[in-house]
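So the structure is just underneath, and the comments pick up after that.
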Amino acid sequence: MDALIDKLKGEIIEQLNLEDLKKEDIDANAPLFGEGLGLDSIDALELIVLLEKNYGIKIQDPKDAKAIFTSIQTMADYIKANQK
Amino acid sequence: MEIYINGMACISHHNTIDENYFFEDIGSVPLSNQLTATEPNYKDHIPANLIRRMSHIVKMGVSTGMMSLKSAGIEKVDAIVTGTGMGCCEDTDKFLRTLLDNDERFLTPTSFIQSTHNTVAGQIALQIKCHGYNFTYVHQNLSFEYALLDAMMLLKEEEASTVLVGAVDEITPSMFELFYRGGHIKKLEELQPIWNSTTKGYLVGEGAGFFNISANITPSTYAKIKGVKCIQGITDSSELENIVNFFLLEIGLKKDQISLVLSGNSGDVVTDNKISEFNKAINQPIAYFKHLCGEYFTSSTFALWLAANIIKRQTVPLAIFPNHEPLSNIQNLLIVNHHEDHQYSLMCVSKC
Numbered sequence: 005m006d007a008l009i010d011k012l013k014g015e016i017i018e019q020l021n022l023e024d025l026k027k028e029d030i031d032a033n034a035p036l037f038g039e040g041l042g043l044d045s046i047d048a049l050e051l052i053v054l055l056e057k058n059y060g061i062k063i064q065d066p067k068d069a070k071a072i073f074t075s076i077q078t079m080a081d082y083i084k085a086n087q088k
Numbered sequence: 086m087e088i089y090i091n092g093m094a095c096i097s098h099h100n101t102i103d104e105n106y107f108f109e110d111i112g113s114v115p116l117s118n119q120l121t122a123t124e125p126n127y128k129d130h131i132p133a134n135l136i137r138r139m140s141h142i143v144k145m146g147v148s149t150g151m152m153s154l155k156s157a158g159i160e161k162v163d164a165i166v167t168g169t170g171m172g173c174c175e176d177t178d179k180f181l182r183t184l185l186d187n188d189e190r191f192l193t194p195t196s197f198i199q200s201t202h203n204t205v206a207g208q209i210a211l212q213i214k215c216h217g218y219n220f221t222y223v224h225q226n227l228s229f230e231y232a233l234l235d236a237m238m239l240l241k242e243e244e245a246s247t248v249l250v251g252a253v254d255e256i257t258p259s260m261f262e263l264f265y266r267g268g269h270i271k272k273l274e275e276l277q278p279i280w281n282s283t284t285k286g287y288l289v290g291e292g293a294g295f296f297n298i299s300a301n302i303t304p305s306t307y308a309k310i311k312g313v314k315c316i317q318g319i320t321d322s323s324e325l326e327n328i329v330n331f332f333l334l335e336i337g338l339k340k341d342q343i344s345l346v347l348s349g350n351s352g353d354v355v356t357d358n359k360i361s362e363f364n365k366a367i368n369q370p371i372a373y374f375k376h377l378c379g380e381y382f383t384s385s386t387f388a389l390w391l392a393a394n395i396i397k398r399q400t401v402p403l404a405i406f407p408n409h410e411p412l413s414n415i416q417n418l419l420i421v422n423h424h425e426d427h428q429y430s431l432m433c434v435s436k437c
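Given below as C-alpha cells:
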C-alpha cells in the first residue's frame, strides 16, 4: 500500500503540475479538495482520467467520486479494491 | 483624438523585462536561429495557484499584461484586447498528442481549456477582475495590428477610457522542426546581419508585448500612436511606397518628418525583396529589429515597444541602427512590418 501511495503522489504532482510540491510534502490522509492540496473541479476531472488511464478503473457512478477522492489514502484504497 | 501609450511591457529574447536595459550588449550578427524568450520570475506577476495550469505562452502573455499595468501605474482597465498569430501551440500540441497516443481516450481538460486563443485575455481579466470588453484577434501577421485598431476604436467611440492591448506568440519544438524543415528558418551556418543577408530564411522568435493605451496623457506616457494600417499583400515595392505616402497623408505627416523607419526585414533575401527596395526609396534613416526579437506573427508588438522606448529615451540603440550617426530630436517613427511578404503593416508613433 505504501508503494501505491508513493506512486499516486508522484502521478498527482505530475498530472496536476504541482511544481512546488514534493511527495514528502503531501499527507496521504489530508483532504485533496478545499483544504489540504486545495484542488478544484478541473483537477477532479484530471484525477478521473488518471484513474482510468493509469489503473484501468472507470468510475461508474459519479456520486462515488466524492468519497473516492477524499484523500490519497482513499484513492489508494479504491484502486486496491477495484484494480483487476 | 490622440491615443497615448501610458504603460507597456515586453518579453523578448533579450532582457527587455528590465526597464533599464536597452540593447547595449548586442552585436549585429545573431547568435542563434531560434530566439527564445528571456522569461521573468512568473511568480512575481501571477498567483501560484494559477501558474500551475499555464503553459509558456499564457505565462508570457499574462505576466507581460500585468507588467504593463504596473508600468502605467494602474490596476484595472475598461477593456482587454489581445492578438496572437498561432495561439497556445504548446497546449494544442499536448492535447492533440494525447488524442493520438491514447486512441482518442483519456483526454484531460486542462490543455484543451488552456489551448484556446482567448486564454491570455481571459486569464488577465480573471486576475484583475475586469468584466469589460474582452476580445482576441487571430489574423496571422496582422493579429496585433487588428487588436490595436479595435482598442483605438474603443477609445475613439468612448466605450472605454483605458485599454490593455497586446499580443503574444510562442515557438515550440515541433513548430521549430516544421518551419526549419520547410526552409523558413535560417541554417546556423548562414547567420548574418539581417540588413546584409544573402540567404533565405529568417530567425524564428517568440515574445509578448502589452500596452496600456488611453486618450489621456499621464506622467508615465511614452508616446502617442498616430496611426495603424493593415495591408493584405502588395505587388511591388512602389505599391508599398504609395500606400505609405497615403498613410502619412492620412495622419498629417510628410515623409521628411519621419525621424526613423523601423523596418521589419526578417533576413530572408527573397521575401525581404520588396521591403528592402522600399527602404532604399523612402530615403530616411532605417533601423532594424528582427535580429533582436526574431520573426513571429506578432513581432509588431516588439517593434512598437522599441519605437515607444526610442521616442521616450530619444536614443536609438546602435544594435538596430547600423552605419548611422546618432539621431537627435526624434519626433516620429514609422514601423513597416511584414511576414514572408504576405501581410504588411504600418504603425506610426510620435513624441508627445
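Heads up: the sequence lines are chains S and Z, in that order. If you want the working numbering, it's the 1-based position in the first sequence plus 4. If you want the working numbering, it's the 1-based position in the second sequence plus 85. No residue lacks a Cβ here, since even glycine has one placed at the ideal position from N, Cα and C.
Beta strand (DSSP E) segment containing residue i, residue limits
i             : result
residue 296/Z : 292–299
residue 253/Z : 247–254
residue 41/S  : Segment: none, residue 41/S is in no beta strand (DSSP E) and carries neither H nor E.
residue 220/Z : 218–222
residue 345/Z : 345–348
residue 157/Z : No beta strand (DSSP E) contains residue 157/Z, which is instead part of the alpha helix (DSSP H) from 141–157.
residue 164/Z : 164–168
Alpha carbon of residue i to alpha carbon of residue j, nearest angstrom
i             : j             : result
residue 358/Z : residue 406/Z : 19 Å
residue 363/Z : residue 324/Z : 9 Å
residue 48/S  : residue 318/Z : 48 Å
residue 50/S  : residue 239/Z : 39 Å
residue 100/Z : residue 383/Z : 18 Å
residue 341/Z : residue 129/Z : 44 Å
residue 427/Z : residue 314/Z : 15 Å
residue 250/Z : residue 65/S  : 46 Å
residue 339/Z : residue 396/Z : 18 Å
residue 198/Z : residue 204/Z : 8 Å
residue 62/S  : residue 85/S  : 13 Å
residue 109/Z : residue 102/Z : 14 Å
residue 278/Z : residue 389/Z : 21 Å
residue 92/Z  : residue 335/Z : 26 Å
residue 298/Z : residue 273/Z : 39 Å
residue 52/S  : residue 8/S   : 17 Å
residue 280/Z : residue 350/Z : 7 Å
residue 120/Z : residue 352/Z : 14 Å
residue 170/Z : residue 143/Z : 14 Å
residue 401/Z : residue 56/S  : 58 Å
residue 227/Z : residue 45/S  : 37 Å
residue 112/Z : residue 195/Z : 41 Å
residue 225/Z : residue 394/Z : 25 Å
Residues that DSSP places opposite residue i in a beta bridge
i             : result
residue 314/Z : 431/Z
residue 95/Z  : 294/Z
residue 119/Z : 289/Z
residue 308/Z : 90/Z
residue 371/Z : 346/Z
residue 37/S  : 43/S
residue 270/Z : 287/Z
Extent of the continuous alpha helix (DSSP H) to which residue i belongs
i             : result
residue 183/Z : 174–186
residue 235/Z : 228–241
residue 38/Z  : Chain Z is shown only over 86 to 437; residue 38/Z falls outside these bounds and no answer can be derived.
residue 207/Z : 204–213
residue 424/Z : Careful: residue 424/Z lies outside any alpha helix (DSSP H), inside the beta strand (DSSP E) at 417–424.
residue 280/Z : Segment: none, residue 280/Z is in no alpha helix (DSSP H) and carries neither H nor E.
residue 70/S  : 69–72
residue 19/S  : 6–19
residue 189/Z : Counting along the chain, residue 189/Z falls outside any alpha helix (DSSP H), and DSSP gives it neither H nor E.
residue 83/S  : 76–86
residue 324/Z : 322–335
residue 387/Z : 385–398
residue 136/Z : 133–136
Cβ-heavy atom distance, residue i to the ligand FAD, below 7 Å
i            : result
residue 97/Z : By its list of ligands, the structure shown contains no ligand whatsoever, and the ligand FAD lies outside what it can speak to.
Anticipated Cβ contact below 8 Å, residue i with residue j, distance rounded
i             : j             : result
residue 293/Z : residue 386/Z : 7 Å
residue 140/Z : residue 173/Z : 6 Å
residue 90/Z  : residue 420/Z : Not quite, the Cβ-Cβ distance comes to about 13 Å (not below 8 Å), so this is no contact.
residue 436/Z : residue 300/Z : The pair is not a contact, with the Cβ atoms about 17 Å apart (cut-off 8 Å).
residue 27/S  : residue 42/S  : Not really, about 17 Å apart at Cβ, beyond 8 Å.
residue 412/Z : residue 434/Z : That pair is no contact at about 15 Å.
residue 137/Z : residue 22/S  : 6 Å
residue 221/Z : residue 206/Z : 5 Å
Checklist entry - If you measure beta-carbon to beta-carbon, which residues of the stretch 13–25 of chain S are closer than 8 Å to chain C? => result The chain inventory of the structure shown lacks chain C, comprising the protein chains S and Z.
Next on the checklist: For the stretch 63–81 of chain S against the stretch 22–32 of chain S, do three or more pairs of beta-carbon atoms, one drawn from each stretch, fall closer than 8 Å, so that the two count as touching?
Outcome noted: yes
Checklist entry - Okay, do the stretch 250–266 of chain Z and the stretch 281–296 of chain Z touch, 3+ Cβ pairs below 8 Å being the bar? => result yes
Checklist entry - Is there contact here, the stretch 155–163 of chain Z with the stretch 52–70 of chain S, by at least three beta-carbon pairs under 8 Å? => result no
Next on the checklist: Check whether the stretch 176–196 of chain Z and the stretch 222–238 of chain Z touch, using three or more Cβ-Cβ pairs below 8 Å as the test.
Outcome noted: no
Checklist entry - Is it a yes or a no for the stretch 119–126 of chain Z touching the stretch 203–211 of chain Z, going by three-plus beta-carbon pairs under 8 Å? => result no
Checklist entry - Touch check for the stretch 185–194 of chain Z and the stretch 241–257 of chain Z: three-plus C-beta pairs under 8 Å? => result no
Next on the checklist: Does the structure place the stretch 369–382 of chain Z close enough to the stretch 342–361 of chain Z that three or more beta carbon pairs sit under 8 Å?
Outcome noted: yes
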